[in-house]
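Written below as structure tokens is the structure these notes are about.
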Amino acid sequence: MEQMQIQREYTERNLTLQTRNVYTNMMKALEQIDSNREGVKQAERGFSIAQTRYNTGSGTFLELNDAEMALTQAKLNLNQAMYDYLAAETEYLKILGQDLPSIGQ
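This is how it looks when you write it as structure tokens:
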């Protein structure tokens, strides 16, 4: 009986710790999403400027290419942060014993 009680307490502490860690990961991912959204906006502005400069002849194709690459990287970073959030949320729901949402619903 005593051994079972010790095992139960250990399991409860472990689940509590896992829940806190996953919740923290979710919050970090949300902060990263906000930050990366701003990064995408800035990269879009930079690309627009580079495109205008190139079209008017005052910018080079290399500048335009660099701005497009920066925009692509910013979007990739945003998508990665979104993925990190969804992965953490899924883990959180599993720990809580809740059903995972189906794709397409």
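Heads up, the sequence shown is in my numbering, so the first residue is 18 and it goes up one at a time. We put the beta carbon where it would ideally sit given N, CA and C, even for glycine.
Cα separation between residue i and residue j?
| i | j | result |
| --- | --- | --- |
| M18 | R30 | 19 Å |
| L93 | Y71 | 24 Å |
| D51 | Y102 | 12 Å |
| S65 | N96 | 21 Å |
| Q35 | E80 | 46 Å |
| M99 | Q90 | 14 Å |
| T33 | I23 | 15 Å |
| N53 | M44 | 14 Å |
| G114 | Q20 | 25 Å |
| G56 | E26 | 45 Å |
| G76 | R37 | 50 Å |
| E61 | T28 | 48 Å |
| A87 | E106 | 29 Å |
| Y109 | L47 | 14 Å |
| A84 | K58 | 12 Å |
List the endpoints of the continuous alpha helix (DSSP H) containing residue i.
| i | result |
| --- | --- |
| S65 | E19 to T73 |
| T89 | F78 to L113 |
Beta-carbon of residue i versus every beta-carbon of chain C: anything under 8 Å?
| i | result |
| --- | --- |
| L81 | No chain C is part of this structure, which consists of one protein chain only. |
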